[in-house]
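Take any residue in the sequence shown, note its place counting from 1, add 1480, and you have its number in my numbering.
Every residue gets a Cβ at the ideal spot worked out from N, C-alpha and C, and that includes glycine.
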Amino acid sequence: MLRIEPIPAFADNYIWLLGAATGGDGRVAVVDPGDAEPVVERLRAQNLSLSAILLTHHHYDHQGGVADLLACWPDALVAAPEDRRIGRATLRVGEGDQVAPPGLDVVFRVLAVPGHTATHIAYLADGALFCGDTLFAGGCGRVFDGSFEQLAASLRRIAALPPDTRCYCAHEYTLANLGFAQWAEPQNPELIARIAAARELRARGEPTVPSALSLELATNPFLRTAVPAVIAAAEGFAGAPLNDETAVFTALRRWKDERYD
Ligand code: ZN
Ligand code: FE
């Protein structure tokens, strides 16, 4: 079993700190260390040593801390997708590969989830999914160098995982995402309840991440592209009928990009 803690970074990133739940020897891993400083501080304070870095994609706010972390822990494994924009990887991984961070007693399965970027991957173990900027709590990442079709397909893949999967995304964007979700589906009672719960968490300074996949399926419009109310809202933005889920997804993503963000 994993012990998972957030290390807040920048304005709204989460670097996920992974350790053995019990009986660990002090070795830990981190996911997407955009900044080294808060990681070094936390590990030094708790007398931990870094055995692995898992990267989901090349963006600076996810890999920017790697060089400085390797300066402190030169033997740490660095797992990353095949992408020349990530220079310091020691283990290139893709769909179906496995990663076993030393000292953690857990094996991650790698899922290719392109769309936000063309080479974005996610890591899954113990019912915990580290999905970077692909699925967010209440939303999803923007399309940068991937495609809308890729991101729609990646989200459908994630949606098919067991509903009790806990989704550890890399940003605290939840309240803003849920605001857009209400544009798409103002009458969804589970969405209304989720917004109230998320506001309470944020008022106490607590993260809204992770979220259960079941909650995302019930409230995240980007996973609800087959729901009539969401289709109708997306068609309202597009001004035309949308014939399949990818078209609905694309309209939702453009609507948020162009009018909400
Ligand atoms: Zn990103
Ligand atoms: Fe990011």
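Run of the beta strand (DSSP E) containing GLU1485, from where it starts to where it stops = Unbroken beta strand (DSSP E) run through GLU1485: 1482-1489.
inquiry  = Determine, for ALA1602, whether the minimum Cβ-Cβ distance to residues of chain C falls below 9 Å.
reply    = This model lacks chain C altogether; it includes just one protein chain.
query = Looking only at its own chain, which residues have a Cβ that is under 8 Å from the Cβ of ALA1501, when we skip the five neighbours before and after it?
reply = Excluding positions up to five away in sequence, the list reads MET1481, LEU1482 and ARG1483.
key: Quiz: which residues have CB nearer than 6 Å to the ligand FE non-hydrogen atoms   = With the cut-off at 6 Å, the residues found are HIS1539, ASP1541, HIS1542, ASP1613, ALA1650 and HIS1651.
task = Specify, as a first and last residue, the run of the alpha helix (DSSP H) that VAL1728 falls within.
result = In the DSSP assignment, VAL1728 falls within the alpha helix (DSSP H) that extends over 1725-1735.
inquiry  = Is it buried or exposed, SER1634, if we count other Cβ atoms within 10 angstroms and call 16 or more buried?
reply    = So SER1634 counts as buried.
Coarse secondary structure for PHE1660, derived from DSSP in three states = Helix, per DSSP.
key: Backbone CA spacing between ALA1489 and ASP1515 [nearest angstrom]   = Roughly 7 Å between the two C-alpha positions.
task = Please work out which residues of its chain come closer than 6 Å, Cβ to Cβ, to PRO1690, disregarding the five sequence neighbours upstream and downstream, and give them in chain order.
result = Here the set comprises ARG1646, CYS1647 and TYR1648.
message = Can you tell me whether LEU1722 is helix, strand or coil according to DSSP?
response = Three-state DSSP puts LEU1722 in coil, outside helix and strand.
Cβ contact (3+ pairs, closer than 8 Å) linking the stretch 1510-1527 and the stretch 1537-1557 = Touching, yes, given that three or more Cβ pairs across the two stretches are closer than 8 Å.
ask   = Per DSSP, which one or two residues make a beta bridge with VAL1746?
value = The requested residue 1746 is not part of the displayed model; the chain covers only 1481 to 1741.
ask   = Which value, in whole angstroms, describes the spacing of the CA atoms of ASP1541 and GLU1665?
value = Near 31 Å, if we compare the C-alpha coordinates of GLU1665 and ASP1541.
task = Check the DSSP bridge columns for SER1529 and list the partner residues they point to.
result = Partner(s): ARG1507.
ask   = At a cut-off of 8 Å, is PHE1616 close to the ligand ZN when judged by its beta-carbon and the heavy atoms of the ligand?
value = In this structure, PHE1616 has its CB at a distance of at least 8 Å from all heavy atoms of the ligand ZN.
query = So, using beta-carbon positions, are PHE1610 and LEU1697 closer together than 9 Å?
reply = The Cβ-Cβ distance between PHE1610 and LEU1697 does not fall below 9 Å.
request  = Locate the alpha helix (DSSP H) running through LEU1635, then write down its first and last residues.
outcome  = Per DSSP, LEU1635 belongs to the alpha helix (DSSP H) from 1628-1639.
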